[in-house]
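Shown next, in structure tokens, is the structure this report addresses.
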Amino acid sequence: TAARVPAVVGEALRVPLVTGGRIGYANLDHAASAPCLRSVRDAVDELLPWYASVHRGAGFASQVCTRVYEGARAKLRAFTGARDTDAVVFTRNTTDALNLLAKALPRATSVVVFDTEHHAALLPWGSGPRVRRLPAPATPEDAVEALDAALAACPEGPRLAVLTGASNVTGEVWPVAELARVARRRGARTVLDAAQLAPHRPVRIGELDIDYVAISGHKLYAPFGAGALVGRADWLNAADPYLAGGGATRAVRDSSVGWNLGPERHEAGSPNTVGVHALAAACQTLAADGWRPVIEHEALLLRRLRAGLGEVPGLRELSLFGTGHDRVGVVSFTVDGRDPGLLAAALSAEHGIGVRDGLFCAHLAMQRLLAESGADSQRALRVSVGLGTMTEHVDRLVAALHRLVAEGPRWRYEQVDGRWVP
Ligand code: PMP
């Protein structure tokens, strides 16, 4: 937990728990971005001296990077259990991947999406007459039924069901295989937003029988800037390039452009070789031991976290499907009579604990969850754990919350630009 205080920390930013230039910081915000794995850092360190352009360079370093870049594609294919015919397109993140798919949909595709989705999965399809937003289901079974009915009512033509692996607000796991089954029966394709599920559980395209999956490297213990869309190549090959530019073209003449087929069609511009190498290294590490260490570590932390939170007076946990439902290491809650923003600020400033507060880019989901929980707040706090979390972090959070709820913050805070600062 003890890391050296970075030089970019200015004096205005108070840092608690600093001893001898080191800070004991508990990052309980893995669902936003997870800290880098050591194996990922090693992979990046190894590649950086060979940093060069891919595909078009004749030099040795360019050839190294080209192999690394295409090797990462193969690793992503293995990680997602893709079919041989699936394309692996590198993107910046999940948002980028889902927007790419939205731009590649055949004309007049009907889209069905639950309004509980993260905005990255809710918004790229627009709001035209062919986009049907389903209200939040009360149970996983209701979700399957609602999707089935909505797809049955779609007009003739291509259909896409947008699914989520795990909620970024509650961590609850959606019944992806069942939803995919009804979609298949109704002749619809499926895309899975796996931003939150993929860091915690295996996501295998073939086994789930989904058509596309979108992931982000920075949630998978790799640095920012690399993600992927993996799935059926036909719509992608038929669509206009996502970005127009070098690398996406076969031949350019005065009056015409011949675009590449395959992932290059949508990857114009110099790609993020280091980023995809890091992402692929993270994927390999996570899957290395068949996921057991990851799943067991998180289950232990989550049990401890929820047991501890359950003892905090006035704390209301948010839940879509009921608090007993399967979830990954994400818990959102309110505390009666306490401003979540102030609690989050005091957790950071006074206790060295990083959490998140707000609406988590899921405004429609949050409206419903807050109303149903009877919360007296329009926002919530979110705590999320992962491979960078130790039981000591969880215990520190629970103790800090008890203290803040009982005694209030030790320091005085004021609101600046909507945020509480000490
Ligand atoms: N979907 C879900 C469920 C998420 O949690 C997030 C990130 N909070 C996204 C999509 C978007 O991911 P990114 O910001 O990496 O594009």
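Residue numbers for the sequence shown follow the UniProt record's numbering, beginning at 16 and rising by one. Heads up, the beta-carbon is just placed ideally off N, CA and C, and yes, glycines get one too. Model, not experiment: these values are computed from the prediction.
query	result
With DSSP collapsed to three states, give me the class of E171.	coil
Whose CA, out of G261, A123 and D226, lies closest to the CA of D208?	D226
Flag D432 as yes when its Cβ comes closer than 7 Å to any non-hydrogen atom of ligand 1, and as no otherwise.	no
Would you call the CB atoms of H417 and V346 closer than 8 Å?	no
D208: beta carbon under 7 Å from a heavy atom of ligand 1?	yes
Helix or strand or just coil, what does DSSP make of V402?	Looking at the sequence itself, residue 402 is Leu, so the reference to Val does not match. In this structure, L402 counts as coil in the three-state DSSP scheme.
Say the cut is 7 Å; is the CB of G242 nearer than that to a heavy atom of ligand 1?	yes
Could you tell me if the beta carbon of T110 falls within a distance shorter than 7 Å of some heavy atom in ligand 1?	yes
Counting only runs that start and end within the segment 240-278, where is the alpha helix (DSSP H) found for 4 or more residues in a row?	248-253
With distances taken between CB atoms, is the gap from A89 to L294 smaller than 8 Å?	no
List, from N- to C-terminal side, the beta strand (DSSP E) runs of 3 residues or more that fit wholly inside the segment 181-242.	204-208 and 227-231
Measure the C-alpha to C-alpha separation of T131 and F105 and round it to an integer number of angstroms.	26 Å
Opposite D372 in the DSSP bridges: which residues?	L396
Taking 7 Å as the limit between beta carbons, can you name the residues of its chain near A112, skipping five residues before and five after?	T106, A229, G242, A243 and L244
Would you identify the three-state DSSP class for G39, choosing helix, strand or coil?	strand
Near P139, which residues of its chain fall below 7 Å by C-beta distance, leaving aside the five closest residues on each side in sequence?	L113, N114 and A117
Does the separation of the CB atoms of R394 and L374 fall below 8 Å?	yes
Is it the case that the segment 250-265 contacts the segment 48-55, given that we only count it when at least three CB pairs across the two stretches are under 8 Å?	no
Applying the 10 Å Cβ sphere with the 16-neighbour rule, what's the burial state of M381?	buried
Indicate the three-state DSSP secondary structure (helix, strand or coil) for D57 in the structure shown.	helix
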